[in-house]
Each structure stands twice: as C-alpha cells, then as structure tokens.
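Participant: First the structure, which I've put down as structure tokens, then a few questions once you've had a look.
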Amino acid sequence: MRILLLLILAVSFHLSAFSPVHASGSCDTDCTKCHTISTDEVRNILAKINAPDAKILKVQMSPARGLWEVSIDNKGQRGLFYVDFSKKYLINGSIIEVNAAIDKTKERLDALNKERRINRSLIPLKDALILGDKKAANKVIVFTDPDCPFCGKLHEEIKKVVEKRKDIAFYIKLFPLTKLHPDAYWKSKSITCEKSLKLLEDNFEKKSIPKTACETDVIDKNIKLAARLGISGTPTSILPDGSVLTGSLQADKLIELIDSAKKKSISGKPATQK
C-alpha cells in the first residue's frame, strides 16, 4: 500500500510540473513569451489583402486569447483586424464580450478614431443639405447614404439635436455605397438635383421618391472626396474639431461629443472649417 501511495504521489508531481495551470511564467500567463509576430510578417499579410501601403499603427494581443490585434491606417481610414497565432488566418469582424454584451472591437475602433482628424476645409459644403440653422456656430458634416438603415437612425437623432440646440447644424453630404445599395446612386442624384431634405427623409421612411432626369457631377465628386479622406462607410460624421464619428449615436451623446469637440477647437487643437 505504501509503495502504491508513493507511486501515485510521484505521478501527481510529474503531471503538475508540466501543467500550464501551475507553471509559473508559462504561455498560460503571458502569451508573448511563446508567440510573436514581426512588422515584416504584418506587412506580408497587408500585401496579401491588397493594402501594401497601409500604415501599421499598433500590434497587440486581442481581447480574445489566441489572436493578434492589428490596427492600421489605410489612406486615412483607420481600422483593425485579427490574426491567429499560427498566422494562417485573418479575422475581420467583432469580438463580443458575452457576459457584459460589449463589442470590444468597436471600443478599440472608437479609440482609434478619437485620434483621427480630417481637414474640414477640404470639404465643399455648397451642395450639402442643411438640417438646422445655416448660421449656427457649430457645424457638423455628415456623409450619408439614402438607403443605409443606420443613416436613417442617425438622421432621426440629429433632428432631435437640432430641436434641442439651435447653435448646432448638420451639413449632409450624399455618399451612396453602390456595392451595398445599387439604387442609392440615382436616389442621391435626384435628392441633390432637387436640393431636397424632404426627399431624403421620405426615402429614409421607405417612401417612393421620383427619379429625376437632371444631370449632376456632385455625387461622383462626393465619392472621390470620401475616398481621399479615408471615408468608406456611412454614416460618418465630422465634428467641429475635425474628429470623426462612425455609425449612429443617440442625440444626447452627440451633443456631448460636439460640445467637447468645440472646446478642443477653442483650446488650440486642429482648426476646422467655419
């Protein structure tokens, strides 16, 4: 019996010595000790996804173990993707923290975009639809697609902002994402030709709008401008200090961010179009 007990203890000790749970300083506690990814390896991945000139902003462990998180700036557009430790797989999508129901990817993207600035003087506003008082001190530029459901949600929120704050106005630039919404191009042209905010709002409400016969190059110019500025999705909003917001936000949060951006402009941060 004593011999059997000693044998069991010996086997138990042997297993515990190699168990990742007990091994101090093992990969279980610090994955960077066992897994690395070099800048050259990231560059090779970027070349394979047709983004060879993208600037690598940061490479770090992702919120989910087993993945690298790569942050990049590609022609002014900031984004991120994930690479597994084998470096064979690239993952483009959101990581959700299940228990807290938090989109960790969006958190990181928001943090990246807080540092991003667009020179608003590069954006002509003569063709923009104006929601609010054109004399308002705080001007927010919104790139929107008439068939984008998130753009419709944001539009409802910016209407609430204008109701609450007369010193804020939104300048809406039509930017159809034709690969996603094939009809958005002609709708954008029709809305622009008529210079009609009502037509845009009718379309957001799923009402039919007329297809006009007029010709304009405004929409084509908007598409090219968005590409130069690194804007590839809608809705995209540019605040008074040139900072960028993507997606829809509630009215109160928008007001908070606009006020914050105004203070940054006054305190000497990047100047913007007035």
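For this note's numbering, add 113 to where a residue sits in the sequence shown, where the first one is 1.
By construction, the Cβ of each residue, glycine as well, lies at the ideal position given by its N, Cα and C atoms.
What is the C-beta distance between F288 and G245, in whole angstroms, given that I count them as a contact (C-beta under 8 Å)?
Facilitator: Translated into positions along the sequence shown, residue 288 becomes position 175. Translated into positions along the sequence shown, residue 245 becomes position 132. Not really, about 19 Å apart at Cβ, beyond 8 Å.
Participant: Does DSSP put D216 in a helix, a strand or coil?
Facilitator: Working through the sequence shown from its first residue, we reach residue 216 at position 103. Three-state result, D216: strand.
Participant: From D197 to S309, what does the alpha carbon distance come to, in whole angstroms?
Facilitator: As a first step, residue 197 must be located in the sequence shown, where it is residue number 84. As a first step, residue 309 must be located in the sequence shown, where it is residue number 196. Rounded to whole angstroms, D197 to S309 spans 49 Å at the Cα level.
Participant: What's the C-alpha gap between V275 and S361?
Facilitator: Here residue 275 refers to the residue found at position 162 of the sequence shown. Here residue 361 refers to the residue found at position 248 of the sequence shown. Approximately 16 Å between the Cα atoms of the pair.
Participant: Name the one or two DSSP bridge partners that V357 has.
Facilitator: On the sequence shown, position 244 is the one that residue 357 refers to. V357 pairs with I351.
Participant: How many Å lie between G381 and V331 at the Cα?
Facilitator: For the purposes of this step, residue 381 is taken as residue 268 along the sequence shown, with counting starting at 1. For the purposes of this step, residue 331 is taken as residue 218 along the sequence shown, with counting starting at 1. Residue placement at G381 is flagged as unreliable, the pLDDT there being 49, under the threshold of 50; a coordinate-derived value is accordingly withheld.
Participant: Please classify V211: is it buried, with 16 or more other beta-carbons within 10 angstroms of its beta-carbon, or exposed?
Facilitator: By 1-based counting over the sequence shown, the position of residue 211 is 98. V211 is exposed by the Cβ-count criterion.
Participant: With distances taken Cα to Cα, identify the nearest neighbour of R278 among D166, K375, D153, I368.
Facilitator: Translated into positions along the sequence shown, residue 278 becomes position 165. Out of D166, K375, D153, I368, I368 has the C-alpha closest to the C-alpha of R278.
Participant: Is there at least one non-hydrogen atom of the ligand MG closer than 7 Å to the beta-carbon of N163?
Facilitator: As for the ligand MG, it is missing from this structure, which has no ligand bound.
Participant: Between S303 and P323, is the Cβ-Cβ spacing less than 8 Å?
Facilitator: Counting from one through the sequence shown, the residue named residue 303 turns up at place 190. Counting from one through the sequence shown, the residue named residue 323 turns up at place 210. Yes, they are a contact pair.
Participant: Inspect the beta-carbon positions of K168 and D186 and report whether they are closer than 8 Å.
Facilitator: Numbered from its first residue, the sequence shown carries residue 168 at position 55. Numbered from its first residue, the sequence shown carries residue 186 at position 73. Closer than 8 Å, so yes.
Participant: Cutting at 8 Å between CB atoms, please list the residues of its own chain near E241, excluding the five before and the five after it.
Facilitator: The residue you call residue 241 lines up with position 128 of the sequence shown. Checking the sequence, you will find Ala at residue 241 rather than Glu. Same-chain partners within the cutoff: I254, Y284, I285, K286.
Participant: If the criterion is Cβ atoms closer than 8 Å, does the pair G346 and I231 meet it?
Facilitator: As a working mapping, residue 346 is identified with position 233 in the sequence shown. As a working mapping, residue 231 is identified with position 118 in the sequence shown. Cβ atoms of G346 and I231: not closer than 8 Å.
Participant: How many whole angstroms separate the CB atoms of I281 and N316, which I take to be in contact at a CB cut-off of 8 Å?
Facilitator: Indexing the sequence shown from 1 puts residue 281 at position 168. Indexing the sequence shown from 1 puts residue 316 at position 203. Wrong, their Cβ atoms sit about 23 Å apart, outside the cutoff.
Participant: On the premise that I204 lies in contact with T218, defined as a C-beta separation below 8 Å, what is that separation, rounded to the nearest angstrom?
Facilitator: In the sequence shown, residue 218 corresponds to position 105, counting from 1. In the sequence shown, residue 204 corresponds to position 91, counting from 1. That pair is no contact at about 10 Å.
Participant: What is the DSSP secondary structure of L128, counted as helix, strand or coil?
Facilitator: By 1-based counting over the sequence shown, the position of residue 128 is 15. Any answer about L128 is weak, because its pLDDT of 37 lies below 50 and its placement is not dependable; what the coordinates show is given next. Helix.
Participant: Between the beta-carbon of P388 and the beta-carbon of A374, is there less than 8 Å?
Facilitator: The requested residue 388 is not part of the displayed model; the chain covers only 114 to 387.
Participant: Hey, how far is the Cα of L370 from the Cα of I158?
Facilitator: Taking the sequence shown and counting its residues from 1, one reaches residue 370 at position 257. Taking the sequence shown and counting its residues from 1, one reaches residue 158 at position 45. Taking the straight line from one Cα to the other gives about 35 Å.
Participant: Going by the DSSP bridge assignment, what does V183 pair with across the sheet?
Facilitator: Working through the sequence shown from its first residue, we reach residue 183 at position 70. DSSP, once it has assigned bridges, lists V172, F194 as partnering V183.
Participant: Taking I158 as part of the beta strand (DSSP E), name the residues at either end of that continuous run.
Facilitator: Residue mapping note: residue 158 aligns to position 45 of the sequence shown, counting from 1. Note, I158: premise wrong, no beta strand (DSSP E); alpha helix (DSSP H) at 152–161.
Participant: Closer than 8 Å by C-beta to L222: which residues in its own chain qualify, once you throw out the five before and the five after it? Chain order, please.
Facilitator: Residue 222 sits at position 109 when you count from the first residue of the sequence shown. The residues are R191, G192, L193, T359.
Participant: Helix, strand or coil: which one does DSSP assign to T257?
Facilitator: As a working note, residue 257 is residue 144 in the sequence shown. When secondary structure is reduced to three states using DSSP, T257 falls in the strand class.
Participant: Give every residue of the same chain whose Cβ lies closer than 8 Å to the Cβ of S137, excluding the five residues on either side of it in the sequence, and list them in chain order.
Facilitator: Numbered from 1 along the sequence shown, position 24 holds the residue referred to as residue 137. With a pLDDT of 39 at S137, under the threshold of 50, the modelled position of that residue is not reliable, and no figure is offered here.
Participant: Taking the alpha carbon of A177 as the point to measure from, which residue in A164, P348, R156, D216 has its own alpha carbon closest?
Facilitator: Along the sequence shown, one-based indexing puts residue 177 at 64. Comparing Cα-Cα distances from A177 to each of A164, P348, R156, D216, the minimum goes to D216.
Participant: Would you call D365 buried or exposed, if buried means 16 or more other Cβ atoms sit within 10 Å of its Cβ?
Facilitator: Within the sequence shown, residue 365 is the residue found at index 252, counting from 1. With fewer than 16 other Cβ atoms within 10 Å, it is exposed.
Participant: For a test of the three-state rule: what should DSSP assign to E210, helix, strand or coil?
Facilitator: Here the question's residue 210 lines up with position 97 in the sequence shown. Strand.
Participant: Suppose only complete runs of 4+ residues qualify. What are the alpha helix (DSSP H) ranges in the region 233–299, listed by chain order?
Facilitator: DSSP assignment within the region 233–299 yields the following whole alpha helix (DSSP H) runs of 4 residues or more, N-terminal first: 262–277.
Participant: Give every residue of the same chain whose Cβ lies closer than 8 Å to the Cβ of Y202, excluding the five residues on either side of it in the sequence, and list them in chain order.
Facilitator: If you number the sequence shown from 1, residue 202 lands on position 89. Cβ neighbours of Y202 beyond the five flanking positions: V196.
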